[in-house]
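Visitor: Be aware that the sequence shown starts at 168, since it is given in our numbering, and climbs by one per residue.
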Amino acid sequence: MRRSKGLAAALALALSGGATAIGLGLVPQAAALTPPVAFTADALSTWQPNGVVWALAEANGTIFAGGTFSAVRPPEGGAGAEQSAVNFVALDAATGAPTACKLSFTVGGGTATVRALALSPDKQTLYAGGYFGAVNGTPVSSLAAIDVATCTPKAAFHPSFAATVRALAVTDDTVYAGGDFLTVQGQSRQRFAAVATADGALRPFTADADEPGRAVEVTPDGQNVLIGGDFFTVNGANTHALAVVDATSGALAKSYPGFIETNSVVKDIAVDATGFYTGNEGTGGGVFDGRIALDLDGFGQRWRDTCLGATQAVLPYQNVLYSASHAHDCSSVGEYPDGQRHHLLAEPTTSTAKLGWAPDTNDGIGEGIGPRVMTVGSKAGVQYLWVGGEFTTVNGSAQQSLTRFASTGDTGAPTVPVASAVSFKPGQVQVRWRTSLDLDDSTLTYKVYRGGSATPIATVAADSLFFRRPQASWTDTTVVAGQSYSYRVTATDGAGNTSALSATASVTVPATADAYPNQVRTDGAAQYWRYDESALPFVADSSDGGNSSGVHLNAPALRQTPGAVTGASTAIGFNGTDTQVYGDRRSTVGNTYTLETWFRTNTTRGGKLVGFGNNQTRGSSQYDKHVYMTNDGRLTFGVYTGATRTITTGGAARYNDNQWHHVVATQGAGGMVLYVDGVQKGTLNVTTNENFAGYWHAGGDNLNGWPERPTSDYWAGQLDETAVYPTALTPAQVQNHYALATAPADSVVQVRAAEDTYANAGAPGTNFGTSGSLAVGGSALYQSYLRFALPAAPAGTALKSATLSVKTNTMSGAGTTDTVSVVPVTGAWTETGTTYSNRPALGATALGSFAGIADGSAVATTALDRAAVAAALNGSYSLALTNGGADPAWLWSSEAAANEGTPQLTLTFGPQ
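1) Give the C-beta separation of Leu-886 and Phe-741 to the nearest angstrom, bearing in mind that I take them to be a contact with Cβ-Cβ under 8 angstroms.
2) Could you please give the first and the last residue of the uninterrupted beta strand (DSSP E) stretch that includes His-719?
3) So what does DSSP say about Leu-1031, is it helix, strand or coil?
4) First and last residue of the alpha helix (DSSP H) that includes Tyr-683?
5) Is the separation between the beta-carbon of Leu-957 and that of Pro-1070 shorter than 8 angstroms?
6) So for Ala-1064, helix, strand or coil by DSSP?
7) Return the residue from the list Thr-924, Thr-1028 and Val-281 that minimises the CA-CA distance to Thr-1002.
8) Taking the DSSP output, what are the residues bridged to Asp-1101?
9) Which parts of the region 356-396 are runs of the beta strand (DSSP E), unbroken and 3 residues or longer, counting only runs that do not cross its ends?
10) What runs of the beta strand (DSSP E), each 3 residues or longer, lie entirely inside the region 982-1037?
11) In this structure, how does DSSP classify Gln-291 when only helix, strand and coil are distinguished?
12) Which ranges does the alpha helix (DSSP H) cover as unbroken runs of at least 4 residues, wholly within the region 872-933, from first to last along the chain?
13) Would you check if the region 286-303 and the region 316-323 touch, i.e. whether three or more CB-CB distances between them fall below 8 angstroms?
14) Under three-state DSSP, which class holds Ser-499?
15) With DSSP collapsed to three states, give me the class of Thr-768.
16) What does a CB cutoff of less than 6 angstroms around Gly-994 pick up in its chain, not counting 5 residues either side in sequence?
17) Cβ atoms of Ala-1030 and Thr-970: under 8 angstroms apart, would you say?
18) Taking C-beta to C-beta, are Thr-816 and Lys-848 nearer than 8 angstroms?
19) Leaving aside the five residues before and after Pro-195 along the sequence, list all residues of the same chain whose C-beta is less than 6 angstroms from its C-beta, in chain order.
20) Just the C-alpha distance for Tyr-807 and Val-846, rounded to the nearest angstrom, thanks.
21) Between which residues of its own chain and Asp-1054 is the CB-CB distance below 6 angstroms, once the five residues before and five after are set aside?
22) So who's on the other strand from Ile-459, going by DSSP bridges?
23) Could you give the distance in angstroms between the alpha-carbon of Asp-377 and the alpha-carbon of Lys-434?
24) Leu-1046 to Ile-624, Cα distance in whole Å?
25) With DSSP collapsed to three states, give me the class of Arg-539.
26) Classify Trp-863 as helix, strand or coil using the three-state DSSP reduction.
27) Mark Asn-254 as exposed unless 16 or more other C-beta atoms lie within 10 angstroms of its C-beta, in which case mark it buried.
28) Taking 7 angstroms as the limit between beta carbons, can you name the residues of its chain near Ala-188, skipping five residues before and five after?
29) How should Arg-697 be labelled, buried or exposed, when 16 other C-beta atoms within 10 angstroms of its C-beta is the threshold for buried?
30) With distances taken Cα to Cα, identify the nearest neighbour of Ala-1011 among Ser-988, Gly-1000, Arg-1033 and Glu-998.
31) My assumption, with CB atoms under 8 angstroms, is that Val-706 sits in contact with Val-647. Please give the rounded CB distance.
32) Taking C-alpha atoms, which residue in Ala-899, Tyr-551 and Gly-556 lies nearest to Ala-208?
33) Express the C-alpha separation of Leu-896 and Thr-854 in angstroms, rounding to a whole number.
34) By a C-beta neighbour count over all protein chains shown, 10 Å radius and 16 as the cutoff for buried, is Asp-799 buried or exposed?
35) At the level of alpha carbons, what is the spacing between Gly-691 and Asn-714?
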């Protein structure tokens, strides 16, 4: 332990709102962070030891670090040379650089180490515990007192501990110690003892434990001592790993038999004004590895965080409990499943819900634990959270054993949103994106930009955490059928740090509703994965407001064609080995639901198409409500009710014929039903399933223990249009979906200008055919000319709409407030030969118009006269842009170096 009673008191005052400058020089937390988090996640430049840091303490802007190391070196890329530092170093809290205080902790035999540091309440004396026999040559015995002002050992303080001291807590007159020792000053004191602060004289305090002591802390009122460790008894009484004893006598005041699992221990204890907190570590199965909050009033449990991952340190600060661990499974508290390790976490002192603070380290050297100790220091009005341990990286960058985070100066921008856009019917575009990751801000502001405009069309606030990044979405209801639109999204944190713009998401609004997806949404899908993404790892949810997106695992094949339904939608391909999509949102499933997907395969190894499991990136240990294929191409729908209950297709039908098939599985009050290609294939009178929290999977998950388990749990083939409903679809709805998949659908063709140029009245003999820009209007008249090679209408279709898109260039004032008209060109012209003097004749009737065009590389789109364009299909078609006003517009041409893709016609064809 490294905190003194004085530091605990300062923290207690801070938490109760009674002080702003006691002990830690407290100031209001950084407003840029999402409350109540007090520190950024941006690691600051810090000198680094070459071993393990076990202990930290702070006094007057100086951080003391103890451990097992021999030198410190500058941060990666920093100036300076390595310095000797024998198991101890003092550093400036604000700069992270070593101070002039040099102490060497050594031992004649074995390996010296400093395991605990604690300050006296007045911060004038630093107490150090561990295994060592001398400090700067002054003989000691595993516990030493250091004068902070002079950085020298206090020779008068000379207690003798017979083995390693692992924990310390200090009051005005007493030093409490825990560790491996059995005697102190030659007298029996088993694992816990108390000595006088002045000379180390042994106190009567006796709290004998049968196994090592690892944590000790004094309650704020000074009446009791909280002890933790590996023990099963204290003073002969049954109390495992945790006990409260009298501060004077050591008599047991509160025991905890059966409170902590027998294969778990207490590694740390910390105190604030209202309670105390334990950090716990276990070995083997059924362990307790998390954190416990207990009230000082009665010493009973307030909450228990059962995350797995060996908690080494806990630190309450301003109503937040910061912890150091390698938490890899927090599913038991409703958070993330077993998987990647997370080493630094924050949660309120009132609950186990994780907050938006998650810088990270690696496991590092030694035991591979990562961070082991934490403390807060203050200098010049800024607080610094210091973390020590055995890690070798922080936030992915090289940094060994020490790091720190400040209360101000949040500089890390959120990750770039991954966005897409879709339109299923006239008048609506759904823009959706995976929420961004920001390691110290859980509430972010998203701005949606349309058509290249510099002004956002929408602003959306959404929450996300490192383990929960749900989809956010916004619906644009100002769009016009037949027109094309593009969108980009940014994320901004509370400090104003803004991500780069997302990649452009483009969409054309249909002239009529897209039959299949529109019906899926109308029938109430709560999750709808269409697999139209062109980039990893975001799988958009196209349901109506569900925002239950997915994540690609191990890079499935994207945009596989043809898809299962008519139109431009694509499918996704899985390799049958390790690729899948898993849900980003943890949920529970009731006894009424529907699973629906399209599939195509020729595999003879079977595999799971879709199902529900309790993990994401690893094989689930609970899994049912799934559809899988047997090796011979039959389909099975199964749930678990204490036994596996399944429906399997019968007869000669096999579905591994490399054709698209439609499977629907429902469960409800009427039992289970399995449909294939719109036809009911089996029923089972089972109305329940296994009740657990988990995630939807497509493409694979565990199938261990299920009937006719295929060779592979993973799907080798394609999937499309995967949907989950909170209701049981009716036979009529299932049949309708199957039929709609082959219904005629609109098709969209985009045609870029084959030639374009402009004419300038101010330079009547000059040709501008090679220019990267086009100009329209102005006091010196400009006109632009565009030629398109129009396709023929696809067989059985007719033109339903036509739009023209242009884009302003980056010149200041490139837009115009004047109306720009689109008129047919009736005369002859060429890109390389046209000038103002020989400009072509124009038609009198406008085909469409732009009511002004915005500045700033903004895309503008206008509808054109459908009949006029239809008459020109399967041939060359020329248009002119004119503007009789004085405010010219400057647009990108087809020759633009930036390859802007404009001017462009968008033609929508549909059934005749």
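Note that beta-carbon positions come from the ideal geometry of N, C-alpha and C, so glycine has one too.
Guide: So, to answer that:
1) Their Cβ separation, rounded to whole angstroms, is 7 angstroms, which keeps Leu-886 and Phe-741 in contact under 8 angstroms.
2) Per DSSP, His-719 is one residue of the beta strand (DSSP E) stretching across 717-720.
3) coil
4) 682-689
5) Contact: no.
6) coil
7) Thr-924
8) Given a span of 168 to 1079 for the chain in the structure shown, any question on residue 1101 remains unanswerable.
9) 359-363, 380-385 and 391-396
10) 983-991, 1015-1020 and 1026-1030
11) coil
12) 898-907
13) yes
14) helix
15) coil
16) Pro-1007 and Ala-1008
17) yes
18) yes
19) Confidence in Pro-195 is poor, its pLDDT being 32 and thus under 50, which makes the residue's placement unreliable; the coordinate value appears in the next sentence. Once the five neighbours on either side are set aside, Pro-195 has no close Cβ partner at all.
20) 24 angstroms
21) Thr-983, Thr-984 and Asp-985
22) Thr-445 and Arg-471
23) 16 angstroms
24) 30 angstroms
25) strand
26) strand
27) buried
28) Per-residue confidence for Ala-188 stands at a pLDDT of 26, beneath the threshold of 50, marking its modelled position as unreliable; the derived number appears in the next sentence. Answer for Ala-188: no residue qualifies.
29) buried
30) Ser-988
31) The Cβ separation is near 29 angstroms, so there is no contact.
32) Tyr-551
33) 15 angstroms
34) exposed
35) 13 angstroms
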